[in-house]
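Working notes, beginning with the structure itself.
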Amino acid sequence: MSRALMPNLLTPQDLQPNWQWEGRLPAWGHTSVDFERRIDHDRLRRYRLARTRQALEASQAGTLLLFDVNNIRYVSATKIGEWERDKMCRFCLLTGDDAPYVWDFGSAAMHHKKFSDWLVPDHCRAGVVGMRGTIPPEFGLMQKYAREIAGLIRDAGMGDMPVGVDYAETAMFHALKAEGLNVVDGQQIMLAAREIKNWDEIQLLTQAAAMVDGVYHMIYEELKPGIRENDIVAMSNKMLYEMGSDDVEAINAISGERCNPHPHNFTDRYFRPGDQAFFDILQSYQGYRTCYYRTFNIGRATPSQADAYVKAREWIDASISMIKPGVSTDKVAEVWPKAEEFGFPDEDTAFGLQFGHGLGLALHERPIISRAISLDHPMEIKTGMVFALETYCPATDGFSAARIEEEVVVTETGCEVISLFPAEELPIANRY
């Protein structure tokens, strides 16, 4: 059996992130080859489990019970189709010195037992609880699995310690408490584990960003009257899946009079000459996410639109210049304009417009950077964090707006931008 996820066989070396900061961050090809050292998946699995164990040991809890599919993947390196993301039909247990247990959707448990040799075969179990309430609690499945989970926790000697749960159906919380388990917030434990990326995670995030570089080049070529927002969304989805994306979570496509205020969606609106248009591509490669905005004008740009872009660029450059280990997130948020300075009544209404958020297996990880929260609750920026910084500036014409986002990796001395489609100046697609 592989030692990859056997906790008693983890070593201090497994906690090493193996960063290599000299030179530019690589974006390797996506296949495995014998002539380059690319992604080391066994090292990735061991690092993620070791980080989780370290975070668990630093907490008050003795056990983690996970329903969040991002956490399940981080701990157990298992994943089934994206359809299961919101079904709450899988769960994972990490307790004491035991290897992870995974209860999976029917035959997926048999698949993992056969093909995921880093897992203990007897820990790959079939199981389902409520599926967001579609299996009523009175059927007894939650009580059944709560009893099984409690037994495993006690067998591991962790029965007297709190159980960290990331999230679960309300009835599942009641079932766990009925078994005498003290449930606490496990999501914060997992976010602490996931905030520092190792070299393999950084390479996967860079590969994912490189895919979006290519999609933006396609968008730049395709933007013209007669094309709709949803056409760009369709072409982008097709290209990303052909490139190897495992989930195109969403693509925002906003143009013309829809730019201000930002609606965070796409429609069937046709692009028109002189439109300002911005896009966000949220997709994952081997689970690792992108969040990467770019703004274009179609054919031509007005001075008002160009000025909005210049301000958005200045704001994002100011925040990038602040990023280095040891800086607190309040110092980054302070360089962004107050909500009232760009047309919003308060910071809550403007939340997410001047914004920073961690990237990893989830779209939003630590740190979160915003004037709405960071000024009073700062977090320390650390080497190995990967996050996105995004700015938004409405134009003085009352309807256009510019939106820019860059993904950065925090290095030992500063940061490196990994979102490389040119954004220093406003791109004009199909200039007249």
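FYI, the numbering for the sequence shown is 1 to 432, going by UniProt numbering. Beta carbons: idealized from backbone N, C-alpha and C, even for Gly.
Bridge partners - residue i, DSSP secondary structure assignment
| i | result |
| --- | --- |
| residue 163 | 63, 183 |
| residue 18 | In the DSSP output, where bridge partners are listed per residue, residue 18 has none listed. |
| residue 125 | 103 |
| residue 247 | 284 |
| residue 391 | 404 |
| residue 429 | 298 |
| residue 255 | 277 |
| residue 228 | 270 |
| residue 289 | 284 |
| residue 386 | 409 |
| residue 328 | 380 |
Segment limits, beta strand (DSSP E) that includes residue i
| i | result |
| --- | --- |
| residue 70 | Looking at the DSSP string, residue 70 is not in any beta strand (DSSP E); the run it does join, the alpha helix (DSSP H), is 69-76. |
| residue 296 | 292-298 |
| residue 355 | 355-358 |
| residue 416 | 415-417 |
Contact set for residue i: own chain, Cβ-Cβ below 8 Å, skip 5 residues either direction
| i | result |
| --- | --- |
| residue 315 | 335, 336, 337, 354, 391, 393 |
| residue 414 | 323, 324 |
| residue 17 | 47, 196, 197, 198, 199, 384 |
| residue 89 | 105, 128, 129, 131 |
Close Cβ partners of residue i (< 7 Å) along its chain, the five nearest in sequence each way excluded
| i | result |
| --- | --- |
| residue 233 | 251, 253, 266 |
| residue 362 | 70, 289 |
| residue 312 | 391, 392, 393, 402, 403, 404 |
| residue 400 | 259, 260, 276, 304, 305, 308 |
| residue 204 | 39, 285, 286, 288 |
| residue 123 | 99, 100, 101, 102 |
| residue 240 | 211, 215, 248, 283 |
Range of the contiguous alpha helix (DSSP H) that encloses residue i
| i | result |
| --- | --- |
| residue 365 | Unbroken run through residue 365 is the beta strand (DSSP E), 365-369; no alpha helix (DSSP H). |
| residue 319 | 303-320 |
| residue 95 | No alpha helix (DSSP H) holds residue 95; the beta strand (DSSP E) holding it covers 91-95. |
| residue 202 | 199-222 |
| residue 379 | No alpha helix (DSSP H) contains residue 379, which DSSP labels as neither H nor E. |
| residue 145 | 141-155 |
| residue 350 | Neither: residue 350 is in no alpha helix (DSSP H) and is coded neither H nor E. |
| residue 13 | Premise fails: residue 13 is in no alpha helix (DSSP H) and is neither H nor E. |
| residue 112 | 108-115 |
| residue 57 | 41-57 |
| residue 171 | 170-178 |
Spatial neighbours of residue i in its chain, beta-carbon cut-off 6 Å, leaving aside the 5 residues before and after
| i | result |
| --- | --- |
| residue 48 | 74 |
| residue 429 | 220, 223, 296, 298 |
| residue 1 | At residue 1, the pLDDT of 47 sits below 50, so the modelled position is not reliable; the number obtained from the coordinates is stated separately. Counting only Cβ-Cβ distances below 6 Å, and skipping sequence neighbours, we find nothing. |
| residue 379 | 329, 367 |
| residue 186 | 64, 164, 165, 166 |
| residue 76 | 92, 100, 102 |
| residue 350 | 339, 344 |
Selection from the options that minimises the alpha carbon distance to residue i
| i | options | result |
| --- | --- | --- |
| residue 224 | 381, 378, 18, 270 | 270 |
| residue 160 | 166, 167, 152 | 152 |
| residue 281 | 84, 218, 113 | 218 |
| residue 407 | 398, 417, 399, 155 | 417 |
| residue 87 | 129, 101, 93, 184 | 129 |
| residue 179 | 147, 163, 367, 36 | 147 |
| residue 63 | 83, 80, 97 | 97 |
| residue 375 | 347, 366, 396 | 347 |
| residue 210 | 430, 30, 431 | 30 |
| residue 360 | 44, 163, 14 | 44 |
| residue 183 | 162, 170, 340, 240 | 162 |
| residue 110 | 126, 15, 120, 154 | 126 |
| residue 425 | 54, 317, 85, 168 | 317 |
| residue 410 | 300, 320, 263 | 320 |
| residue 213 | 293, 352, 365 | 293 |
8 Å Cβ cutoff, residue i in contact with chain B
| i | result |
| --- | --- |
| residue 198 | The structure shown contains no chain B; it holds only a single protein chain. |
Three or more beta-carbon pairs under 8 Å between the segment 317-331 and the segment 355-374, yes or no? yes
Assess, as a yes-or-no matter, whether the segment 18-25 is touched by the segment 170-180 under the definition of 3 or more beta carbon pairs within less than 8 Å. The segment 170-180 makes no contact with the segment 18-25: fewer than 3 CB pairs, one atom from each, lie closer than 8 Å.
Are there three or more Cβ pairs, one per stretch, closer than 8 Å when the segment 48-62 is compared with the segment 184-198? yes
Do the segment 30-46 and the segment 125-139 make contact, defined as three or more Cβ pairs closer than 8 Å? no
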